[in-house]
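> Next up is a structure, given as structure tokens.
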Amino acid sequence: EGRMELTWGLRRVMDGQLAPHPPVDEYPNPDYQELSTPNDVLTWLANNPSVLAIDTEGSVAHPWCLTAAHTPGSARLIDAKNRRLVGLLNEYIADADPLVPMHWAAYDLEVLTTMRVSVRRIADTMLQAYELGPHFSQAL
Numbered sequence: 434e435g436r437m438e439l440t441w442g443l444r445r446v447m448d449g450q451l452a453p454h455p456p457v458d459e460y461p462n463p464d465y466q467e468l469s470t471p472n473d474v475l476t477w478l479a480n481n482p483s484v485l486a487i488d489t490e491g492s493v494a495h496p497w498c499l500t501a502a503h504t505p506g507s508a509r510l511i512d513a514k515n516r517r518l519v520g521l522l523n524e525y526i527a528d529a530d531p532l533v534p535m536h537w538a539a540y541d542l543e544v545l546t547t548m549r550v551s552v553r554r555i556a557d558t559m560l561q562a563y564e565l566g567p568h569f570s571q572a573l
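Counting from 1 along the sequence shown, just add 433 to a position and that's the residue number in the working numbering.
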């Protein structure tokens with residue numbers, strides 16, 4: 434049923450009956466920053482977020498960084514080599530127990546384990562996308 438609706442909508446666009454609706458960037462000026470001091474981490478987490486999305490970069494053997502976000506349009510990066518800041522984030526996660534959305538958590542959890550970060554409550558957006566069925570994209 435969903436595939437028919439998608440095909441029907443695409444046909445209307447192709448026939449000129451419906452104007453395409455390109456996505457609108459809701460955050461054209463995002464706030465992305467690297468956290469470099471313990472005070473940076475504590476200040477960023479001061480509002481005690483209950484949801485903290487996390488992504489990792491690098492490999493399980495050689496993590497490069499983690500990025501985290503609790504507010505739309507903003508994110509923070511912590512260098513994997515900065516054990517003190519990674520440790521502060523891990524303490525927050527242990528104490529506050531936020532829900533941690535990830536895209537393909539099976540991989541990110543291995544990288545986080547290497548970085549000594551433990552997460553208890555996860556939401557895996559890739560698995561959620563697959564549950565929607567094959568006519569929905571599983572890409573980021």
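Backbone N, C-alpha and C fix where the C-beta goes; we use that ideal spot for every residue, glycine too.
With distances taken between CB atoms, is the gap from residue 534 to residue 484 smaller than 8 Å?
By one-based count along the sequence shown, residue 534 stands at place 101. By one-based count along the sequence shown, residue 484 stands at place 51. In this structure, residue 484 lies closer than 8 Å to residue 534 by Cβ.
> For the beta strand (DSSP E) containing residue 496, list its first residue and its last residue.
In the sequence shown, residue 496 corresponds to position 63, counting from 1. From DSSP, the beta strand (DSSP E) with residue 496 extends over 496-502.
> Within 10 Å of its beta-carbon, does residue 575 have 16 or more other beta-carbons around it, so buried, or fewer, so exposed?
Residue 575 lies beyond the range of the chain shown here (434 to 573); nothing can be said about it.
> With contact counted as at least three CB pairs below 8 Å, one residue from each stretch, are the segment 443-451 and the segment 494-503 in contact?
No, the segment 443-451 does not touch the segment 494-503.
> DSSP state of residue 561, grouped into three classes?
In the sequence shown, residue 561 corresponds to position 128, counting from 1. Note: residue 561 maps to helix in three-state DSSP.
> Excluding five sequence neighbours on each side, which residues of the same chain lie with their C-beta closer than 6 Å to the C-beta of residue 488?
Looking up residue 488 in the sequence shown gives position 55. Same-chain partners within the cutoff: 500.
> Does DSSP classify residue 549 as helix, strand or coil?
Sequence index remark: in the sequence shown, residue 549 carries index 116 (1-based). Residue 549 falls in the coil class under three-state DSSP.
> Would you tell me roughly how many angstroms separate the C-alpha atoms of residue 564 and residue 536, rounded to the nearest one?
In the sequence shown, the residue the question calls residue 564 occupies position 131. In the sequence shown, the residue the question calls residue 536 occupies position 103. Those two C-alpha atoms are separated by around 14 Å.
> Within 8 Å, do at least three Cβ pairs link the segment 461-481 to the segment 505-516?
These segments touch.
> Identify, in the order they occur along the chain, each residue of the same chain with its Cβ nearer than 6 Å to the Cβ of residue 486, setting aside the five sequence neighbours on each side.
By one-based count along the sequence shown, residue 486 stands at place 53. Excluding sequence neighbours, residue 486 sits near 502 and 534.
> Name the DSSP beta bridge partners of residue 512, please?
Locating residue 512 in the sequence shown gives position 79, where the first residue counts as 1. 498, per the DSSP bridge assignment.
> Mind checking whether residue 474 and residue 545 have CB atoms under 8 Å apart?
The count along the sequence shown starts at 1 and reaches residue 474 at position 41. The count along the sequence shown starts at 1 and reaches residue 545 at position 112. No. Outside cutoff.
> Going straight from the alpha carbon of residue 481 to that of residue 526, what length do you get?
In the sequence shown, residue 481 corresponds to position 48, counting from 1. In the sequence shown, residue 526 corresponds to position 93, counting from 1. So the alpha carbons of these two residues sit roughly 10 Å apart.
> Considering only the alpha carbon of each residue, which of 553, 476 and 540 lies closest to residue 559?
For this step, residue 559 is matched to residue 126 along the sequence shown. Cα-wise, what sits closest to residue 559 is 540.
> So residue 519 packs on residue 550, CB below 8 Å; how close in whole Å?
Mapped onto the sequence shown, residue 519 falls at position 86. Mapped onto the sequence shown, residue 550 falls at position 117. Contact flag correct, Cβ pair sits at about 6 Å.
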